[in-house]
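2 protein chains.
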Amino acid sequence: MNIGQAAEQSGLPAKTIRYYEEIELVRPGRADNGYRDYSEDDLHRLCFLQRSRSLGFSIEECRLLLSLYDDDQRASADVKDIAKKKIKLIEQKIDELNTLKSTLSKLIKSCHGDERPDCPILDDLARNQVRK
Amino acid sequence: MNIGQAAEQSGLPAKTIRYYEEIELVRPGRADNGYRDYSEDDLHRLCFLQRSRSLGFSIEECRLLLSLYDDDQRASADVKDIAKKKIKLIEQKIDELNTLKSTLSKLIKSCHGDERPDCPILDDLARNQVRK
DNA sequence: CTTGACCTTCCCATAACTGTAAGGTTTAGA
DNA sequence: TCTAAACCTTACAGTTATGGGAAGGTCAAG
Numbered sequence: 002m003n004i005g006q007a008a009e010q011s012g013l014p015a016k017t018i019r020y021y022e023e024i025e026l027v028r029p030g031r032a033d034n035g036y037r038d039y040s041e042d043d044l045h046r047l048c049f050l051q052r053s054r055s056l057g058f059s060i061e062e063c064r065l066l067l068s069l070y071d072d073d074q075r076a077s078a079d080v081k082d083i084a085k086k087k088i089k090l091i092e093q094k095i096d097e098l099n100t101l102k103s104t105l106s107k108l109i110k111s112c113h114g115d116e117r118p119d120c121p122i123l124d125d126l127a128r129n130q131v132r133k
Numbered sequence: 002m003n004i005g006q007a008a009e010q011s012g013l014p015a016k017t018i019r020y021y022e023e024i025e026l027v028r029p030g031r032a033d034n035g036y037r038d039y040s041e042d043d044l045h046r047l048c049f050l051q052r053s054r055s056l057g058f059s060i061e062e063c064r065l066l067l068s069l070y071d072d073d074q075r076a077s078a079d080v081k082d083i084a085k086k087k088i089k090l091i092e093q094k095i096d097e098l099n100t101l102k103s104t105l106s107k108l109i110k111s112c113h114g115d116e117r118p119d120c121p122i123l124d125d126l127a128r129n130q131v132r133k
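Chains as they are written, first to last, in my numbering: chain A, 2 to 133; chain B, 2 to 133.
Written out as structure tokens, the structure reads:
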């Protein structure tokens with residue numbers, strides 16, 4: 002299977018698939034004409050990558066997950082651990098964003114939004130945060 | 002004021018401050034020995050940048066906010082608009098993360114997490130998403 | 001036989017820094 | 001006075017995960 006088909010079926014851009022080969026996440030064979038040739042197994046890995054990337058796992062996390070997937074002896078507990086840590090990070094990020102949002106909301110509320118040049122948002126941004 | 006002091010007082014790493022100069026967000030003078038010399042106004046801008054970056058504004062948004070700040074004639078409505086759009090983006094991101102989180106949570110719940118090699122998380126990741 | 005849709009490699013760009021190397025300056029202490 | 005630490009300088013490379021585009025080879029249809 003050429004890279005075009007692999008792209009279509011995995012949902013990944015061809016460009017990205019080539020990149021995944023460069024960093025050795027997939028190792029397709031080559032046809033006589035030099036074209037990459039993806040096996041069912043290669044395609045499977047690409048789908049795995051597409052899905053796990055879209056779930057927010059970093060490339061290195063995906064590499065780890067793939068190696069666990071490849072390893073018939075791995076314990077499901079290992080995978081569960083990785084996923085749990087990921088959730089923690091996601092929750093942290095959500096918290097941060099909520100804080101950000103409420104700060105910005107407050108600023109917006111206090112801004113009259115007219116043509117006058119004084120603006121509580123800019124004033125807040127300009128406030129020294131670290132200096133005493 | 003040397004870059005070290007400016008860094009300490011603005012809460013930005015010196016490295017970052019030099020970067021901000023490179024992209025022309027701050028333009029400190031130079032002392033006779035070639036060291037950067039930060040005025041009160043420069044420091045003010047650095048604090049502004051520290052604060053707005055920490056609130057999630059991109060560099061280019063910060064550049065715009067700074068230009069509005071510099072311009073006594075700007076309308077606070079402009080700033081309010083920028084902040085409102087930012088909130089929308091933040092809300093989007095939060096939604097995405099929540100979706101991610103619930104998907105991962107479901108996967109984790111379905112995983113027994115013991116020493117056995119079968120793992121619903123990996124199974125899900127391996128499922129073809131795009132292929133028919 | 002040609003056109004267009006593929007495919008190849010290679011290099012540059014992104015955002016917003018961070019790290020490192022190699023060197024100049026200043027300051028405090030022995 | 002010497003020296004070592006703590007500053008400062010520039011310049012270049014690396015990071016993350018791709019995306020864009022050039023220059024060129026291949027293949028399938030008409």
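Glycine residues also receive a C-beta, built at the ideal position from the N, C-alpha and C atoms.
Taking all protein chains shown into account, decide if residue i is buried (16 or more other Cβ within 10 angstroms of its Cβ) or exposed.
i                     : result
residue 133 (chain B) : Summary for residue 133 (chain B): the model assigns pLDDT 31, below 50, so the residue's position carries little reliability, and this model does not support an answer.
residue 87 (chain A)  : buried
residue 102 (chain A) : buried
residue 33 (chain A)  : exposed
residue 52 (chain A)  : buried
residue 91 (chain A)  : buried
residue 68 (chain A)  : exposed
residue 77 (chain A)  : buried
residue 122 (chain B) : buried
residue 28 (chain B)  : exposed
Cβ of residue i less than 8 Å from any chain A Cβ?
i                     : result
residue 86 (chain B)  : no
residue 16 (chain B)  : no
residue 101 (chain B) : yes
residue 20 (chain B)  : no
residue 59 (chain B)  : no
residue 36 (chain B)  : no
residue 123 (chain B) : yes
residue 114 (chain B) : yes
residue 65 (chain B)  : no
With a threshold of 8 Å between beta-carbons, can residue i be considered close to chain B, or not?
i                     : result
residue 132 (chain A) : Low local confidence applies: a pLDDT of 45 at residue 132 (chain A) is under 50, so the model's placement there is unreliable, with the coordinate-based value given in what follows. By this cut-off, residue 132 (chain A) is an interface position.
residue 91 (chain A)  : yes
residue 94 (chain A)  : yes
residue 80 (chain A)  : yes
residue 109 (chain A) : yes
residue 39 (chain A)  : no
residue 106 (chain A) : yes
residue 77 (chain A)  : yes
residue 26 (chain A)  : no
Starting from residue i, follow the alpha helix (DSSP H) in both directions and report where the run begins and ends.
i                    : result
residue 9 (chain A)  : 4 to 11
residue 26 (chain B) : From DSSP, residue 26 (chain B) is part of no alpha helix (DSSP H); its letter is neither H nor E.
residue 84 (chain A) : 77 to 110
residue 36 (chain A) : Careful: residue 36 (chain A) lies outside any alpha helix (DSSP H) and carries neither H nor E.
residue 42 (chain A) : 41 to 55
residue 68 (chain B) : 60 to 71
Taking residue i as the reference, give the member of the options with the closest Cα.
i                     : options                 : result
residue 30 (chain B)  : B:2, B:121, B:54, B:109 : B:2
residue 22 (chain A)  : A:52, A:55, A:57, A:64  : A:64
residue 40 (chain B)  : B:20, B:66, B:54, B:11  : B:11
residue 70 (chain B)  : A:120, A:99, A:15       : A:120
residue 109 (chain B) : B:97, B:95, B:124       : B:124
residue 13 (chain A)  : A:55, A:74, A:37        : A:55
residue 89 (chain A)  : B:94, B:99, B:93        : B:99
residue 114 (chain B) : A:95, A:75, A:37        : A:75
residue 24 (chain B)  : B:37, B:15, B:38, B:60  : B:60
residue 62 (chain B)  : B:16, B:26, B:18, B:17  : B:26
Exercise for the section: Answer yes if the segment 38 to 53 of chain B comes into contact with the segment 81 to 91 of chain B, meaning at least three C-beta pairs across the two stretches below 8 Å, and no otherwise. Expected result: no
Exercise for the section: Count the CB pairs spanning the segment 5 to 17 of chain A and the segment 32 to 45 of chain A that are closer than 8 Å, and state whether there are at least three. Expected result: Touching, per the Cβ criterion.
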